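Chains as they are written, first to last, in the numbering used here: chain A, 598 to 927; chain B, 598 to 927. Working notes, beginning with the structure itself.
There are 2 protein chains.
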Amino acid sequence: MLQYAVGLDLGGTNIKAALVERKSGIIASERIPTEAEHGVGHVLARIENAVRRMLRSASDKHVCGIGIGAPGTVNLQRTNLIHPPNIPGWTVVDVRAELQRRLGHHLHVVVENDANAAALGSAHYGTGRPYDSFVMVTLGTGVGGAIIWNNSIFRGSTGAAGEVGHMTVDSDGPEDEAGVKGAIEAYLGVRHLSRHARRQLKAFPDSCLYEIAGADLVRLTPEMLSKAASRGDEGALSVLEWAGQKLGAVLGACINLLDIRTIIVGGGVSAAGTLILDPARRSILAYIKPGMRDGVDILRETLGNKAGMLGAAYLVFELLDRHASTSEES
Amino acid sequence: MLQYAVGLDLGGTNIKAALVERKSGIIASERIPTEAEHGVGHVLARIENAVRRMLRSASDKHVCGIGIGAPGTVNLQRTNLIHPPNIPGWTVVDVRAELQRRLGHHLHVVVENDANAAALGSAHYGTGRPYDSFVMVTLGTGVGGAIIWNNSIFRGSTGAAGEVGHMTVDSDGPEDEAGVKGAIEAYLGVRHLSRHARRQLKAFPDSCLYEIAGADLVRLTPEMLSKAASRGDEGALSVLEWAGQKLGAVLGACINLLDIRTIIVGGGVSAAGTLILDPARRSILAYIKPGMRDGVDILRETLGNKAGMLGAAYLVFELLDRHASTSEES
Chain A
598 MLQYAVGLDL GGTNIKAALV ERKSGIIASE RIPTEAEHGV GHVLARIENA
648 VRRMLRSASD KHVCGIGIGA PGTVNLQRTN LIHPPNIPGW TVVDVRAELQ
698 RRLGHHLHVV VENDANAAAL GSAHYGTGRP YDSFVMVTLG TGVGGAIIWN
748 NSIFRGSTGA AGEVGHMTVD SDGPEDEAGV KGAIEAYLGV RHLSRHARRQ
798 LKAFPDSCLY EIAGADLVRL TPEMLSKAAS RGDEGALSVL EWAGQKLGAV
848 LGACINLLDI RTIIVGGGVS AAGTLILDPA RRSILAYIKP GMRDGVDILR
898 ETLGNKAGML GAAYLVFELL DRHASTSEES
Chain B
598 MLQYAVGLDL GGTNIKAALV ERKSGIIASE RIPTEAEHGV GHVLARIENA
648 VRRMLRSASD KHVCGIGIGA PGTVNLQRTN LIHPPNIPGW TVVDVRAELQ
698 RRLGHHLHVV VENDANAAAL GSAHYGTGRP YDSFVMVTLG TGVGGAIIWN
748 NSIFRGSTGA AGEVGHMTVD SDGPEDEAGV KGAIEAYLGV RHLSRHARRQ
798 LKAFPDSCLY EIAGADLVRL TPEMLSKAAS RGDEGALSVL EWAGQKLGAV
848 LGACINLLDI RTIIVGGGVS AAGTLILDPA RRSILAYIKP GMRDGVDILR
898 ETLGNKAGML GAAYLVFELL DRHASTSEES
């Protein structure tokens, strides 16, 4: 029997919603502004409406539940979303209770951290499909991460595991947004990457980036770096080489600790593709214990922003599997 | 019914063997030189003899099997010990087959990496008892590590997980013995710690360490550092503060990735106790994402070198549990 669920990706700017069929993936989807500035009740109403539209698009199909990936912390029971950054005024909300009250208790509701949801999406619909276990890193405004172990999210003691972005690669290094010293996010987060790039580009006065991003490079973005590097600009290549080395360092640390040798990189900055992943592939082995270097692979996730919705929907399918196996046992 | 097993800790210098009763711990034990220079066959014979003496000391008690903790890599099936460092000429040996051939196939034999075995010992007999999950770090000649997740060893994809010692804390830092850049072992491994200490102590010409370890400090050991620091020597305190900060950095990275908030530190250097652990406790929070700092704790393992034998024996008890639950199901 076909299984359907609604997968939601709740961001500070947009809510992305999809109707997902377990085997074939996204059937229908939409994107609406979050309008986070109007407060929690408003955002919940927008989520409710997005779900209703997806349920309507399912017409006579039986939709089992709603999965939601969201920034911030989620409790171990996967019901509450706690202090999502970018949604002002949101403290602790029992999203499951809210949505079941609005949409009916027949719908399962599962909440998960957005990086974890995206990794689950990769595991079942994306680059991660051939692998039972991998570490996912998303390079965007911030640096997110998640651990997939035996096809499921490794959640740790409180549900917060996988925070690769806050792992230090330089114990005396600069702080990231969260105040963590030398964290990889303090190098590869969009704002930080641009800042480091500006400093490094001083050695390359002929770089075409001065034309693209202005004489003071204040408008420099990772996309400009990729574009210039793909044209062979030495300054841009040097910045991406440097960034790739830092990325290799943190991924090497993950491999030493977890002995999970497949890494999947997603997010906006990863659109630079081989320009950043190749330097990371070159540097990573220098950060791994020799006996553990075989089979190390850094891959790119190409699902883009669909990964989050697909993974969110898969949370519901996982729940159905667990219910099925429990009822078989009893 | 009481359960007995022999627990072995195979080191490059000594073989430590114990008869262990599951509930009460070590009943009898011995330590003999490994005589690794005489080759693999000789070492296996010495292991065999040590086990025979433990079996005799068990007299009429029923011993279920033999657990062995050893340096180096162990395969996923926990039968083979691969390239243990410090035992020259040892390539791959099926230790289970060898010992069952010599001692009888009625004995279970389980092989495990020594850091993993020590962590399992801590989990069931030591500081780790109250915790379902923790990260163990051993500070000695090298820096070892292990992950205990839900009371068992987290082994990763090939059985090599938990290599905290090779995680980088400085992506441009010096290499450790294994050639890993900026690894924590390149700072806290005994030899490296002494080298860094000598450099730092230049700022403390009045340090009593110049009397203890000689004008050029070449004989400097971690024990001397601890001793001088406990007397209030400012140079020694400054070195341990520095070392504790590095330790906090790598442990913070572990917590971000695993969301396991209890850390247990063992090994010779940890004998410095609060002198190194207090600086680590002070620094670690600066290396952890803010939402994950609650409940973080760094504890000391006080079992000393008994942890390895106890954990090795426990490998057999775990195996018996699994057999019991399998036969109940069928």
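C-beta atoms are modelled at their ideal positions from N, C-alpha and C, and glycine is treated no differently. All values reported here derive from a predicted model rather than from experimental measurement.
**Study point:** Beta-bridge partners of Ser626 of chain A, as assigned by DSSP
**Key:** For the purposes of this step, residue 626 of chain A is identified with residue 29 of the first sequence, where counting begins at 1. Partner(s): A:Ala615.
Check your understanding: Given Leu641 of chain B, which residues of its chain have a CB within under 6 Å of its CB, disregarding the five upstream and five downstream residues?
Key -> In the second sequence, counting from the first residue as 1, residue 641 of chain B sits at position 44. Excluding sequence neighbours, Leu641 of chain B sits near Glu695.
Review point. How many whole angstroms separate the CB atoms of Leu834 of chain A and Ala826 of chain A, which I take to be in contact at a CB cut-off of 8 Å?
Key: Reading the first sequence from its first residue, position 237 is the one you call residue 834 of chain A. Reading the first sequence from its first residue, position 229 is the one you call residue 826 of chain A. Right, their Cβ atoms sit about 5 Å apart.
**Study point:** Anticipated Cβ contact below 8 Å, Ile895 of chain B with Ala877 of chain B, distance rounded
**Key:** Residue 895 of chain B sits at position 298 when you count from the first residue of the second sequence. Residue 877 of chain B sits at position 280 when you count from the first residue of the second sequence. Sure, about 6 Å apart at Cβ, within 8 Å.
Check your understanding: If you draw a straight line from the C-alpha of Gly849 of chain A to the C-alpha of Asn853 of chain B, how long is it?
Key -> Sequence index remark: in the first sequence, residue 849 of chain A carries index 252 (1-based). Sequence index remark: in the second sequence, residue 853 of chain B carries index 256 (1-based). Each residue's alpha carbon lies about 15 Å from the other.
Check your understanding: Would a check of beta-carbon distances place Asn646 of chain A closer than 8 Å to chain B?
Key -> Working through the first sequence from its first residue, we reach residue 646 of chain A at position 49. Output row for Asn646 of chain A: interface = no.
**Study point:** DSSP three-state assignment for Glu632 of chain B, whether helix, strand or coil
**Key:** Position 35 of the second sequence holds residue 632 of chain B. Glu632 of chain B falls in the coil class under three-state DSSP.
Review point. Under the DSSP definition of a beta bridge, which residues are partnered with Gly604 of chain A?
Key: Along the first sequence, read from residue 1 onward, the residue named residue 604 of chain A stands at position 7. In the DSSP output, where bridge partners are listed per residue, Gly604 of chain A has A:Ala615, A:Gly664.
Check your understanding: Does any C-beta atom of chain B lie closer than 8 Å to the C-beta of Leu854 of chain A?
Key -> The residue given as residue 854 of chain A occupies position 257 in the first sequence. Yes, Leu854 of chain A counts as interfacial toward chain B.
Review point. Just by C-beta distance, which residues in the region 779-813 of chain A are closer than 7 Å to chain B?
Key: none
Exercise for review: Starting from the beta carbon of Arg858 of chain A, find every residue of chain B whose beta carbon is closer than 9 Å, and list them in chain order.
Suggested key: Position 261 of the first sequence holds residue 858 of chain A. Near Arg858 of chain A (Cβ distances below 9 Å), the residues of chain B are Gly753, Ser754, Thr755.
**Study point:** Beta-carbon neighbours of Ile665 of chain B, restricted to chain A and to distances below 9 Å
**Key:** As a first step, residue 665 of chain B must be located in the second sequence, where it is residue number 68. Under the 9 Å cutoff, chain A gives no residues; its nearest Cβ is about 19 Å from Ile665 of chain B.
Point to revise | For Thr631 of chain B, the nearest candidate out of B:Leu607, B:Arg649, B:Val732 (CA to CA) | key: The count along the second sequence starts at 1 and reaches residue 631 of chain B at position 34. Checked all of B:Leu607, B:Arg649, B:Val732; the closest Cα to Thr631 of chain B is B:Leu607.
Practice item. Consult DSSP for Gly845 of chain A and reduce its assignment to one of helix, strand or coil. Key: As a first step, residue 845 of chain A is located in the first sequence; it is residue number 248 there, counting from the start. Of the three classes helix, strand and coil, the one that applies to Gly845 of chain A here is helix, per DSSP.
**Study point:** For Leu896 of chain B, the first and last residue of its enclosing beta strand (DSSP E)
**Key:** Along the second sequence, one-based indexing puts residue 896 of chain B at 299. Here the beta strand (DSSP E) through Leu896 of chain B covers 894-897.
Check your understanding: What residue ranges within the region 690-730 of chain A form continuous alpha helix (DSSP H) runs of no fewer than 4 residues, ordered along the chain?
Key -> 692-700, 711-722
**Study point:** Per-residue burial, Val692 of chain A [other beta carbons within 10 Å of its own, 16 or more giving buried]
**Key:** On the first sequence, position 95 is the one that residue 692 of chain A refers to. It counts as buried.
Exercise for review: Please confirm whether Gly770 of chain A and Lys778 of chain A have their CB atoms less than 8 Å apart.
Suggested key: Taking the first sequence and counting its residues from 1, the one referred to as residue 770 of chain A is at position 173. Taking the first sequence and counting its residues from 1, the one referred to as residue 778 of chain A is at position 181. Yes.
Review point. Across which residues does DSSP place Lys778 of chain A in a beta bridge pair?
Key: By one-based count along the first sequence, residue 778 of chain A stands at place 181. A:Glu772.
**Study point:** Contact list for Gly849 of chain B against chain A, beta-carbon separation under 7 Å
**Key:** Counted from its first residue, the second sequence places residue 849 of chain B at position 252. Residues of chain A passing the Cβ test: Thr765.
**Study point:** Same chain, Cβ closer than 8 Å to Asn611 of chain B, five either side skipped, listed in chain order
**Key:** Here the question's residue 611 of chain B lines up with position 14 in the second sequence. Result list for Asn611 of chain B: Arg628, Ile629, Pro630, Thr631, in chain order.
Review point. Are Ala910 of chain A and Ala615 of chain A close, meaning C-beta to C-beta below 8 Å?
Key: Position 313 of the first sequence, counted from the start, is the residue given in the question as residue 910 of chain A. Position 18 of the first sequence, counted from the start, is the residue given in the question as residue 615 of chain A. Cβ distance < 8 Å, so Ala910 of chain A and Ala615 of chain A count as in contact.
Review point. Are any of the Cβ atoms in chain A nearer than 8 Å to that of Val554 of chain B?
Key: Because chain B in this structure spans residues 598 to 927, residue 554 of chain B falls outside the shown range and cannot be described.
Exercise for review: Compare the C-beta of Pro887 of chain B with all C-beta atoms of chain A and state if any pair is closer than 8 Å.
Suggested key: One-based indexing of the second sequence puts residue 887 of chain B at position 290. Answer yes: the Cβ-Cβ gap between Pro887 of chain B and chain A drops below 8 Å somewhere.
Check your understanding: So, using beta-carbon positions, are Thr755 of chain B and Leu652 of chain B closer together than 8 Å?
Key -> Position 158 of the second sequence, counting from 1, holds the residue named residue 755 of chain B. Position 55 of the second sequence, counting from 1, holds the residue named residue 652 of chain B. Result no, Cβ atoms of Thr755 of chain B and Leu652 of chain B do not sit closer than 8 Å.
Check your understanding: Does DSSP put Met733 of chain A in a helix, in a strand, or in coil?
Key -> As a working note, residue 733 of chain A is residue 136 in the first sequence. If DSSP states are grouped into helix, strand and coil, Met733 of chain A belongs with the strands.
**Study point:** First through last residue of the beta strand (DSSP E) which encompasses Gly742 of chain B
**Key:** Here residue 742 of chain B is taken as the residue at index 145 of the second sequence, counted from 1. Start and end: 740-746.
Practice item. Would you decide whether Ser924 of chain B is buried or exposed? Buried here means 16 or more other CB atoms lie within 10 Å of its CB. Key: Along the second sequence, read from residue 1 onward, the residue named residue 924 of chain B stands at position 327. With fewer than 16 other Cβ atoms within 10 Å, it is exposed.
**Study point:** One or two residues paired with Asp767 of chain B in a DSSP bridge
**Key:** In the second sequence, the residue the question calls residue 767 of chain B occupies position 170. Paired residues: A:Asp767.
Review point. If you follow the alpha helix (DSSP H) that Thr871 of chain A is part of, which residue opens it and which one closes it?
Key: For the purposes of this step, residue 871 of chain A is taken as residue 274 along the first sequence, with counting starting at 1. From DSSP, the alpha helix (DSSP H) with Thr871 of chain A extends over 871-881.
Point to revise | Per-residue contacts from Glu760 of chain A into chain B (C-beta, under 8 Å) | key: Locating residue 760 of chain A in the first sequence gives position 163, where the first residue counts as 1. Simply Asn853, Leu854, Asp856, Lys886, Met889.
**Study point:** Neighbour-count burial assignment, Gly686 of chain A, 16 or more Cβ in a 10 Å radius
**Key:** To locate residue 686 of chain A, count along the first sequence from 1; it is residue 89. So Gly686 of chain A ends up on the exposed side.
Exercise for review: Report buried or exposed for Asp891 of chain A, applying the criterion of at least 16 other Cβ atoms within 10 angstroms of its Cβ.
Suggested key: To locate residue 891 of chain A, count along the first sequence from 1; it is residue 294. That one is exposed.
Exercise for review: List the residues of chain B that Ala846 of chain A touches, going by C-beta distances under 8 Å, in chain order.
Suggested key: Here residue 846 of chain A refers to the residue found at position 249 of the first sequence. Residues of chain B passing the Cβ test: Thr765, Ser768, Lys778, Gly779.
Check your understanding: Quick one: Cα of Ile624 of chain A to Cα of Thr899 of chain A, how far?
Key -> Taking the first residue of the first sequence as 1, we reach residue 624 of chain A at position 27. Taking the first residue of the first sequence as 1, we reach residue 899 of chain A at position 302. So the alpha carbons of these two residues sit roughly 18 Å apart.
Check your understanding: How would you call Thr688 of chain A, buried or exposed, if buried means at least 16 neighbouring beta carbons within 10 angstroms?
Key -> Stepping through the first sequence from its first residue, residue 688 of chain A is reached at position 91. Exposed, because fewer than 16 other Cβ atoms sit within 10 Å of the Cβ of Thr688 of chain A.
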